[in-house]
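For the record, the sequence lines run as chains U and L.
Residue numbering for the first sequence follows our numbering, starting at 1 and increasing by one per position.
Residue numbering for the second sequence follows our numbering, starting at 1 and increasing by one per position.
Beneath this line is the structure, given in structure tokens, with notes to follow.
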Amino acid sequence: MRIHPIISSLRHHRLTTFLLMLQIACTCAIVCNAVFLIVNRIEQVNLPSGLAENQLSVISSEDIRKDDNAEAQQAADLAVLRALPGVQSAAAIMNGSLPLNRNSSSTFVCATQEDFQKAVQDNAPGPHCVEPSEYAGTPGTFTTLGLHLVEGRQFEPDEYITESLQQADAPTVMIISRSLAQRLYPEQDAVGQSAYVNGKPMHVVGIVDHLLRPYLDKPATNYYSMLWPVSPNSADAMYILRSASQDRQQVLKAAVAALNKLNPERLIQEQKTYDQIRHTYFQRDVTMIGLLLASVSGLLFVTALGITGLASFWVQQRTKQIGIRRAIGATRGDILHYFQLENFLIVSTGIAFGLTLAVALNLTLMRYYEIPRLSWFYLPISAVVLWLLGQLAILNPALRAASVSPVTATRNV
Amino acid sequence: MFSYYLNLALRSLKRNPVLTALMVLAIGLGIGASMTMITVLHVMSGDPIPGRSAQLFYPHLDPLPSNYGNNPHAPDASADFTWVDAMALLQAHRAEHQAAMSGGALLVRPSQMDLQPFYADGRYTTPDFFSMFGMPFMSGRAWSQQEEDAKARVVVLSNDLAQKLCGGKTCIGQEVRFGDNDFRVIGITDNWNPQPQFYSDDTGDLFSDPDQFFLPLSTAVDLKLGVSGNQSSWCKNSSTDDERTSGCMTWLQVWVQLKNQEQVSAYRQFLVNYSAQQKALGRFQRPATNAKLYSLMGWLAHQNLVPTDIKLQLWLAVGFLFVCMVNIVALLLAKFLRRSSEISVRRAMGAGQRDIFIQFSIESAIIGLAGGALGLGIAELGLWSVRQRPDDYARLAQMDVSMLLSTLVLALFASVLAGMLPAWRACRVPPASLLKTQ
Numbered sequence: 001m002r003i004h005p006i007i008s009s010l011r012h013h014r015l016t017t018f019l020l021m022l023q024i025a026c027t028c029a030i031v032c033n034a035v036f037l038i039v040n041r042i043e044q045v046n047l048p049s050g051l052a053e054n055q056l057s058v059i060s061s062e063d064i065r066k067d068d069n070a071e072a073q074q075a076a077d078l079a080v081l082r083a084l085p086g087v088q089s090a091a092a093i094m095n096g097s098l099p100l101n102r103n104s105s106s107t108f109v110c111a112t113q114e115d116f117q118k119a120v121q122d123n124a125p126g127p128h129c130v131e132p133s134e135y136a137g138t139p140g141t142f143t144t145l146g147l148h149l150v151e152g153r154q155f156e157p158d159e160y161i162t163e164s165l166q167q168a169d170a171p172t173v174m175i176i177s178r179s180l181a182q183r184l185y186p187e188q189d190a191v192g193q194s195a196y197v198n199g200k201p202m203h204v205v206g207i208v209d210h211l212l213r214p215y216l217d218k219p220a221t222n223y224y225s226m227l228w229p230v231s232p233n234s235a236d237a238m239y240i241l242r243s244a245s246q247d248r249q250q251v252l253k254a255a256v257a258a259l260n261k262l263n264p265e266r267l268i269q270e271q272k273t274y275d276q277i278r279h280t281y282f283q284r285d286v287t288m289i290g291l292l293l294a295s296v297s298g299l300l301f302v303t304a305l306g307i308t309g310l311a312s313f314w315v316q317q318r319t320k321q322i323g324i325r326r327a328i329g330a331t332r333g334d335i336l337h338y339f340q341l342e343n344f345l346i347v348s349t350g351i352a353f354g355l356t357l358a359v360a361l362n363l364t365l366m367r368y369y370e371i372p373r374l375s376w377f378y379l380p381i382s383a384v385v386l387w388l389l390g391q392l393a394i395l396n397p398a399l400r401a402a403s404v405s406p407v408t409a410t411r412n413v
Numbered sequence: 001m002f003s004y005y006l007n008l009a010l011r012s013l014k015r016n017p018v019l020t021a022l023m024v025l026a027i028g029l030g031i032g033a034s035m036t037m038i039t040v041l042h043v044m045s046g047d048p049i050p051g052r053s054a055q056l057f058y059p060h061l062d063p064l065p066s067n068y069g070n071n072p073h074a075p076d077a078s079a080d081f082t083w084v085d086a087m088a089l090l091q092a093h094r095a096e097h098q099a100a101m102s103g104g105a106l107l108v109r110p111s112q113m114d115l116q117p118f119y120a121d122g123r124y125t126t127p128d129f130f131s132m133f134g135m136p137f138m139s140g141r142a143w144s145q146q147e148e149d150a151k152a153r154v155v156v157l158s159n160d161l162a163q164k165l166c167g168g169k170t171c172i173g174q175e176v177r178f179g180d181n182d183f184r185v186i187g188i189t190d191n192w193n194p195q196p197q198f199y200s201d202d203t204g205d206l207f208s209d210p211d212q213f214f215l216p217l218s219t220a221v222d223l224k225l226g227v228s229g230n231q232s233s234w235c236k237n238s239s240t241d242d243e244r245t246s247g248c249m250t251w252l253q254v255w256v257q258l259k260n261q262e263q264v265s266a267y268r269q270f271l272v273n274y275s276a277q278q279k280a281l282g283r284f285q286r287p288a289t290n291a292k293l294y295s296l297m298g299w300l301a302h303q304n305l306v307p308t309d310i311k312l313q314l315w316l317a318v319g320f321l322f323v324c325m326v327n328i329v330a331l332l333l334a335k336f337l338r339r340s341s342e343i344s345v346r347r348a349m350g351a352g353q354r355d356i357f358i359q360f361s362i363e364s365a366i367i368g369l370a371g372g373a374l375g376l377g378i379a380e381l382g383l384w385s386v387r388q389r390p391d392d393y394a395r396l397a398q399m400d401v402s403m404l405l406s407t408l409v410l411a412l413f414a415s416v417l418a419g420m421l422p423a424w425r426a427c428r429v430p431p432a433s434l435l436k437t438q
């Protein structure tokens with residue numbers, strides 16, 4: 001099929017053709033970026049936390065007597081929780097920090113003593129200092145969270161200390177995430193190294209593969225975290241329970257009842273499964289994914305509608321010409337292909353502008369919002385999607401055109 | 001003539017019912033999506049306290065040491081005041097009204113046996129707060145400056161909390177227990193809930209529930225009650241038993257009321273002078289010109305309350321509307337030009353270009369009105385879905401009359417604009433040329 005007659009025919013509808021191309025270009029640019037954002041958010045929502053998520057439940061309880069010995073109360077609480085049927089292990093964690101629950105506490109850590117001294121001197125963290133999130137808890141925290149050790153060992157019972165306001169009682173060992181280990185000691189084995197925290201050395205005894213932060217920020221730093229052997233000592237306690245997935249609701253209910261029975265002078269602030277924590281954290285992203293999906297489908301629908309509508313007009317307008325062409329020997333296939341090729345040309349031009357526009361849009365969004373750079377493969381994907389959409393939208397009007405009978409040529413319309 | 005064009009337009013629209021419906025749907029979707037997001041933005045950047053906002057100002061000092069760490073993710077430590085500076089500003093009395101305040105959450109222990117203790121959010125503040133913000137009282141009164149100075153154990157309750165604590169009986173004069181302390185109820189406020197809650201610390205949810213109680217600031221400091229919101233400290237030696245009353249921890253908000261432009265410029269100068277004086281004393285290290293005075297709306301704009309996602313969603317909706325508009329222009333253009341022969345006949349029979357233009361504009365306006373009506377429905381649906389979100393601003397997402405009208409105006413404007421080009425092309429069809437060919 002020759003392209004030349006198609007182009008000269010389109011020249012008669014310059015403005016309309018241009019508008020259709022403009023629409024396809026805009027759709028292409030927006031769809032490309034929207035799909036990119038959707039994939040990004042989906043990746044974010046599915047980030048593994050490193051925990052045995054579907055087996056964890058969380059209860060936070062505040063002792064409102066205040067004057068009591070928090071540590072003793074906590075030990076009693078834990079004993080009761082561990083004795084509950086279905087509970088495999090239980091622990092109390094410090095500061096209520098868990099991956100994705102937004103209770104973040106973080107400390108500067110430097111790879112070596114020199115780095116630390118330099119950072120203090122410059123009053124700025126150097127290249128070998130980072131600010132990971134810190135997690136800590138009673139013995140059993142590691143097992144209850146279901147962390148996965150890839151190197152080194154867990155904490156020994158005698159390494160645990162109790163939280164206190166005195167800085168002197170800082171722990172001397174810690175377990176860090178693999179991504180933090182690689183950041184601090186890119187060349188060496190991190191296990192056995194002494195990192196500097198608040199000017200004191202802390203031995204790295206183990207490495208876990210994943211441990212997500214309570215609060216996500218930059219993708220590269222999302223897994224910068226460390227675990228300390230420190231038992232909390234506060235009237236605000238957060239307990240984590242591990243049980244079989246199907247037992248979680250039951251375990252939570254039983255645990256709250258048992259805690260209230262043990263000491264009624266408390267407020268249960270939170271009782272939820274870990275799944276709920278993840279759900280709450282990503283709720284906005286899920287909304288955004290839904291909205292983006294809705295707009296992508298809306299845009300594609302409107303564009304398909306535009307293509308079909310215009311093509312229908314054109315077919316009606318050219319009925320007589322189609323009849324003449326049929327009368328002088330064009331087959332149905334010729335007519336069908338004519339419209340399909342015409343659509344392909346228009347859509348391709350639209351896509352060419354659209355892809356440029358997509359990159360420009362991405363650059364603009366990057367400038368004003370925290371959005372990563374568009375990966376190149378989204379461009380061919382959106383091109384293919386629009387080509388398919390165009391062909392699908394043109395099919396019905398083109399088939400109608402192909403069914404115009406040659407007799408039409410002899411009629412006066 | 002108008003009714004004739006209307007008739008013509010309706011006939012033409014009826015001839016392609018499917019296409020007409022699809023065009024109405026496209027413009028409805030575009031308008032609905034845009035209006036949903038514009039309404040959300042509108043309620044989030046609205047005036048929280050109309051009538052008073054023009055006279056309310058937020059002073060800003062910069063007491064931070066020059067080497068204070070600048071974490072881009074941490075809230076701005078200099079957005080709040082130290083106790084020393086807040087008290088200095090209050091005692092200087094340079095404004096009509098001035099108040100220092102901070103948020104706090106306290107454990108309320110109801111005297112009724114059947115009620116569990118619960119946490120309530122409230123505010124510790126100085127007495128000018130009530131007169132400056134025009135807080136309505138249901139009964140009782142605010143505390144006086146004497147009571148403030150005497151660290152009186154008095155409290156003003158919100159109507160809600162009073163109902164909860166005292167049931168049907170009057171609360172005034174009763175003692176209520178917050179944490180480990182008893183306070184005498186001296187006033188009950190009527191419903192008052194500016195949105196956003198402009199006067200609170202910007203790290204919290206500014207679109208949150210109203211304050212449940214109000215306590216004298218000096219009493220709260222005296223009893224060392226817990227403070228919510230950002231507290232940034234750079235104290236070298238934490239030997240003082242309460243960092244909060246030292247000059248090296250920011251945690252308070254200060255609002256002032258200024259009546260006219262002279263007072264505003266005078267106050268601005270006063271802030272700079274105060275900073276310079278503090279710098280001379282060695283307390284401040286940063287330039288005195290860092291001192292600023294924000295208007296209420298300026299302060300809200302400075303805090304940038306609209307989340308990124310909302311802005312992205314707005315752009316998405318606007319982009320969607322644009323594509324819908326282009327779509328409609330193309331469809332109308334094709335539709336109008338297909339009727340070239342009809343136009344030719346009308347022109348040959350004496351219709352002017354203007355008549356043709358008006359005729360087709362009316363046709364596109366009808367599509368616009370129908371699309372606008374549909375868009376309103378879609379926007380209501382969209383706002384309903386926004387209200388289901390867990391965010392603090394969600395429940396504010398309601399359409400008011402002005403938004404309702406702007407939706408219709410936007411729809412009409414968009415469709416007439418979309419119809420303009422096709423109508424113009426149509427009216428330029430020469431009178432006789434097309435009569436010949438057929």
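For each residue, glycine too, the CB sits at the ideal point set by N, CA and C.
With fewer than 16 other Cβ atoms inside 10 Å of its own Cβ, S3/L counts as exposed. The beta carbon of F313/U sits closer than 9 Å to some beta carbon of chain L.
Neighbours of C324/L in chain U, taken as residues whose beta carbon is under 8 Å from its own, are V302 in chain order. Exposure of S45/L is indicated by the presence of fewer than 16 other C-beta atoms within 10 angstroms of its C-beta.
Shown here, T138/U sits in coil according to DSSP, grouped into three states, outside any helix or strand.
For F214/L, the closest C-alpha among the options C235/L, V345/L and Y124/L is that of Y124/L. Among the residues of chain L, those whose CB is under 8 Å from the CB of Y369/U are T308, K311 and L312, following chain order. Rounded to whole angstroms, the gap between the alpha carbons of N67/L and L90/L is 28 Å.
Going by DSSP, Y196/U is part of the beta strand (DSSP E) stretching over S194 to V197. In this structure, C28/U is the residue among C28/U, Q23/U, F18/U and L10/U with its C-alpha nearest to the C-alpha of V384/U. Comparing C-alpha distances from G309/U to each of S53/L, R395/L and L332/L shows the shortest one belongs to L332/L. Residue I289/U holds the alpha-carbon nearest to the alpha-carbon of V35/U among L399/U, G50/U and I289/U. If the five residues before and after A411/L are omitted, its C-beta is found closer than 6 Å to the C-beta atoms of I31, G368, G371, G372 and G375, all from its own chain and listed in chain order. The continuous alpha helix (DSSP H) containing K320/U extends over residues T319 to A327. Per DSSP, S218/L lies in no beta strand (DSSP E) segment; the continuous alpha helix (DSSP H) that holds it begins and ends at L217 to D222.
Note on F116/U: 16 or more other CB atoms within 10 angstroms of its CB, so buried under the neighbour-count rule. Counting every other CB atom within 10 Å of its CB across the protein chains shown gives T250/L a total of 16 or more, marking it as buried.
Inter-segment contact for the segment 303–319 of chain L and the segment 361–371 of chain U is present: three or more beta-carbon pairs are separated by less than 8 Å.
Looking at the DSSP output, G152/U shares a beta bridge with G206/U. Contact annotation: in the segment 281–308 of chain U, residues whose CB is within less than 8 Å of a CB in chain L are Q283, R284, T287, M288, L291, L292, S295, G298, L299, V302, T303, L305 and G306.
Contact between P132/U and V173/U is ruled out by a C-beta separation of about 15 Å, above the 8 Å threshold. A Cβ-Cβ distance of about 5 Å is found for the pair V296/U and V31/U, placing them in contact under the 8 Å criterion.
Taking 9 Å as the cut-off, the beta carbon of I186/L is found closer than this to the beta carbon of V155/L. Within the model, the alpha-carbon separation for L13/L versus H13/U is close to 22 Å. When A317/L, R425/L and I328/L are compared, the shortest CA-CA separation from Q359/L is found for R425/L. For K272/U, the beta-bridge partners assigned by DSSP are V58/U.
Taking C-beta atoms as the reference points, Q271/U and I59/U count as a pair closer than 9 Å. Contacts with chain L at 9 Å (Cβ-Cβ) include C26/U.
Three or more Cβ pairs closer than 8 Å define a contact, and the segment 93–107 of chain L meets that threshold against the segment 259–272 of chain L. Excluding its 5 nearest sequence neighbours in each direction, V150/U has C-beta neighbours in its own chain below 8 Å: R178, I207, V208 and D209, listed in chain order. At least one beta carbon of chain U lies nearer than 9 Å to the beta carbon of G319/L. Between the segment 398–405 of chain U and the segment 312–324 of chain U there are three or more C-beta pairs closer than 8 Å, enough to call the two in contact. Judged by DSSP secondary structure, I175/U falls within the beta strand (DSSP E) whose first and last residues are V173 to S177. Judged by their CB atoms, L341/U and A25/U are not nearer to each other than the 9 Å cut-off. Each of D242/L, L8/L, Q146/L and G28/L was checked against the Cα of V84/L, and the nearest Cα belongs to D242/L. A residue is called buried when at least 16 other Cβ atoms come within 10 angstroms of its Cβ; K261/U does not meet this threshold and is exposed.
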